[in-house]
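Take 1 as the starting number for the sequence shown in my numbering and just add one per residue. Glycine included, every Cβ here is placed at the ideal spot set by N, Cα and C. Okay, so here's the structure we're looking at.
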Amino acid sequence: MRLLRREATPPRAHVRCLLPWNFALIRNGGDVAPCHALFSSDKAPIMGNVFQGDFRDIWHSPRFREYRRTSAAGTNPHCRVCPYY
1 MRLLRREATP
11 PRAHVRCLLP
21 WNFALIRNGG
31 DVAPCHALFS
41 SDKAPIMGNV
51 FQGDFRDIWH
61 SPRFREYRRT
71 SAAGTNPHCR
81 VCPYY
């Protein structure tokens, strides 16, 4: 069996995953993660906490925007190891 390797970066016109634009996971403690694929990971980036701030502010935060930008560019380290990406 031959394993296929991913390109170093995706083509510019191709966004591989739309989850960071359409989805957020809110854990029991209020932490907001950008993707359900990271649910069980202790390395999931936390974008904010809904008990400490407004969800709308978290969704539009610079940190979440940067996560989306790197996901689209193919440089996000969390996305690069995701089996759904």
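Identity of the residue in Asp-31, Gly-29, His-36 nearest Asn-22 by Cα: Stepping through the sequence shown from its first residue, residue 22 is reached at position 22. Checking every option, the nearest Cα to that of Asn-22 belongs to His-36.
Between the CA atoms of Ile-26 and Asn-76 - distance to the nearest angstrom: Against the sequence shown, residue 76 aligns to sequence position 76. Against the sequence shown, residue 26 aligns to sequence position 26. So the alpha carbons of these two residues sit roughly 20 Å apart.
Buried or exposed by the 16-neighbour rule on C-beta atoms within 10 Å, applied to Ala-73: Position 73 of the sequence shown holds residue 73. Counting Cβ neighbours within 10 Å, Ala-73 comes out exposed, since fewer than 16 surround it.
Chain-order list of residues whose beta-carbon lies under 7 Å from that of Trp-59 (same chain, five-residue window excluded): Numbered from 1 along the sequence shown, position 59 holds the residue referred to as residue 59. If we look at Trp-59 and ignore the five residues flanking it on each side, its Cβ neighbours are Ala-24.
Under 8 Å between C-beta atoms of Pro-83 and Tyr-67: For the purposes of this step, residue 83 is taken as the residue at position 83 of the sequence shown. For the purposes of this step, residue 67 is taken as the residue at position 67 of the sequence shown. Contact flag unset, no.
For Leu-18, the three-state DSSP class (helix, strand or coil): Taking the first residue of the sequence shown as position 1, residue 18 is located at position 18. Three-state DSSP puts Leu-18 in coil, outside helix and strand.
For Ile-26: DSSP bridge partner residues: Locating residue 26 in the sequence shown gives position 26, where the first residue counts as 1. Bridge partners of Ile-26: Val-32.
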